[in-house]
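S.K.:
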Amino acid sequence: MAGMTGHPSIPIVAYGALYPYLDEALARRFVVHAVAADADPDALPPEAREARALVSFGSVGASAAIMDALPKLEMIGLFSVGYDKVDVDHARAKGIRVTNTPDVLTDDVADLAVGLLYATVRNIAANDRMVRAGDWARGVKPALSGRVTGRRIGILGLGRIGRAIARRLEPVAGEIFYHNRRPAADAAYRHVADPLDFARESDVIIVATSGGPEARGLVDAAMLDALGPEGVIVNISRGSVIDEDALVAALAEKRIAGAGLDVFANEPHVPQALLGMDHVVLQPHQGSATVETRRAMADLVLANLDAWAAGEPLLTPVV
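The sequence shown begins at 1 in full-length UniProt numbering and counts up one residue at a time.
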């Protein structure tokens, strides 16, 4: 639990909707000015422009425009592990510190990845809809599903979350291997350097890489074709990592067998074509959305803010 250090004279911006527990704790510590995520940075009220810190969800982040609109900004505290929506280069150039919330959400995101894998391969969501619609009672026979046991699992991005996913699947996987830009230190799994070779060897690809410009469209049409018609893809990373148009086409044309998706390119908007596909399982970006993890994330945001306000080292700096 974060300490109850107060900084009642320090103004901050709560940028976009946050989390009630975090909202309340921020209000006890700071002078908080709420700014909508879609607010015009050039039209902020004068009191908000005095803010020395900004707090936002990772899906909102902080653009160069909002940084420039806050001339006294020193610190950005992200309520997420991902920081692809923050203009990190601009923050660095302006001397603005950026923090995120790694580690505390690792287990819950890994759990959801495994859940999406089973839900997709075993037709859990489609069969649930079938039962609720009364089809089973009317004598409709559900389609046979695939099996998870024995599948070759390719982890795209063997970081904290990727390793946690791999550990959970070790008892059932035929083999686990991974693709990173470079081999991971102390990895217990085989590194496949070429992304297309990685996809060809995979029965399942689980996308766990960090987001950002360098990962945008990493999973493209060629990679999906290499995964093949029996392959399944799960994404708990960032929607931008997969070429969403290519994914929709591959699913519609049955060039891959299915997908379990927690993230999308233009959240909260999901491609209409995906909504009618029974071989796709959809979640509204719920990877870290447990009571326990959201409180731990909030506490880490607060601890970083307290450290910054006290002139102490940040706990989880990005910049």
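Cβ coordinates follow ideal geometry from the N, Cα and C atoms, glycine included. Just so we're clear, the structure is a prediction, and the values are computed from it rather than from any experiment.
Within its chain, find whatever has a CB closer than 6 Å to the CB of S145; leave out the 5 residues flanking it on each side and keep chain order.
M.R.: So the qualifying residues of the chain are R122 and N123.
S.K.: What number of angstroms, rounded off, separates the C-alpha of R92 from the C-alpha of V234?
M.R.: Cα-Cα distance, rounded: 33 Å.
S.K.: So Y118 packs on R294, CB below 8 Å; how close in whole Å?
M.R.: With a Cβ gap of about 24 Å, Y118 and R294 do not count as contacting.
S.K.: Please check the pair I153 and I206, which I expect to be a contact at CB under 8 Å, by giving their CB distance rounded to whole angstroms.
M.R.: With a Cβ gap of about 7 Å, I153 and I206 count as contacting.
S.K.: Hey, V318 and Y83: beta-carbon distance below 8 Å or not?
M.R.: Cβ distance < 8 Å, so V318 and Y83 count as in contact.
S.K.: When burial is assigned at 16 or more other CB atoms within 10 Å of the CB, is E47 buried or exposed?
M.R.: Classification of E47: exposed, given that the 10 Å Cβ count is below 16.
S.K.: List the DSSP bridge partners of V207.
M.R.: Answer is L156 and N235, bridged to V207.
S.K.: According to DSSP, what are the bridge partners of E244?
M.R.: In DSSP, E244 forms no bridge with anything.
S.K.: Which class does G3 belong to by DSSP, given the choice of helix, strand or coil?
M.R.: At G3 the pLDDT is 47, less than 50, meaning the model places this residue with poor confidence and gives no usable figure here.
S.K.: Note the first and the last residue of the continuous beta strand (DSSP E) segment covering A14.
M.R.: Run containing A14: P11 to Y15, per the beta strand (DSSP E) assignment.
S.K.: In the DSSP assignment, what residue or residues form a beta bridge with V98?
M.R.: Looking at the DSSP assignment, V98 forms a beta bridge with I76.
S.K.: For the alpha helix (DSSP H) that Y21 lies in, which residues bound it at each end?
M.R.: First-last of the alpha helix (DSSP H) with Y21: P20 to R29.
S.K.: Check whether the stretch 154 to 173 touches the stretch 133 to 142, taking contact to mean three or more Cβ pairs, one atom from each stretch, closer than 8 Å.
M.R.: Contact between the stretch 154 to 173 and the stretch 133 to 142 is absent, because fewer than three Cβ pairs lie under 8 Å.
S.K.: For V60, which residues of its own chain have a beta-carbon under 7 Å away from its beta-carbon, when the five flanking residues on both sides are left out?
M.R.: So the list reads Y15, G16, A37 and K85, once near-sequence residues are dropped.
S.K.: Using alpha carbons as the reference points, say which of D225, G260 and R216 lies closest to D197.
M.R.: That would be D225, whose Cα lies nearest to the Cα of D197.
S.K.: Looking only at DSSP bridge pairs, what is P317 linked to?
M.R.: BP columns for P317 point to T99.
S.K.: DSSP three-state label for Y118, please.
M.R.: The answer is helix: DSSP assigns Y118 an H, G or I state.
S.K.: Might you give, ordered along the chain, the residues of its own chain that have their beta carbon closer than 8 Å to the beta carbon of Y189, omitting 5 neighbours on each side?
M.R.: So the list reads I155, L158, A166, I176, F177 and Y178, once near-sequence residues are dropped.
S.K.: If you count every other CB in all the chains shown that lies within 10 Å of the CB of V131, and 16 or more means buried, which is it?
M.R.: The residue in question, V131, is exposed, as its Cβ has fewer than 16 Cβ neighbours within 10 Å.
S.K.: What is the DSSP secondary structure of L54, counted as helix, strand or coil?
M.R.: Three-state DSSP puts L54 in a strand.
S.K.: Does the distance from the CB of V232 to the CB of A259 come in under 8 Å?
M.R.: Against a cut-off of 8 Å, the Cβ pair of A259 and V232 comes out as a contact.
S.K.: Rounding to the nearest angstrom, what Cα-Cα distance links G287 and A53 in this structure?
M.R.: G287 and A53: Cα-Cα distance of roughly 26 Å.
S.K.: Using a Cβ-Cβ cutoff of less than 8 Å, which residues in the same chain neighbour M1 once the five nearest sequence positions on both sides are dropped?
M.R.: Interpretation of M1 is limited by its pLDDT of 44, a score under 50 that renders its predicted location unreliable; the figure taken from the coordinates is listed afterwards. These residues qualify, in order along the chain: D299.
S.K.: For R190, name the three-state secondary structure that DSSP assigns.
M.R.: DSSP places R190 in strand when its eight states are reduced to three.
S.K.: Are the beta-carbon atoms belonging to L302 and W308 less than 8 Å from one another?
M.R.: No, Cβ-Cβ distance for L302 and W308 is not below 8 Å.
S.K.: Sorted by chain position, which residues of the same chain lie with C-beta nearer than 6 Å to D243's C-beta, five sequence neighbours on each side aside?
M.R.: These residues qualify, in order along the chain: G217 and D220.
S.K.: Could you have a look at F264 and say whether DSSP puts it in helix, strand or coil?
M.R.: Correct three-state label for F264: coil.
S.K.: Are there 16 or more other CB atoms within 10 angstroms of the CB of G211, so buried, or fewer, so exposed?
M.R.: Counting Cβ neighbours within 10 Å, G211 comes out buried, since at least 16 surround it.
S.K.: For L44, which residues from the same chain have a beta carbon less than 8 Å from its beta carbon, with the 5 sequence-adjacent residues on both sides left out?
M.R.: Cβ within range, chain order: V35, A69 and L70.
S.K.: Could you pull the DSSP bridge partners for G258 from this structure?
M.R.: Per DSSP, V232.
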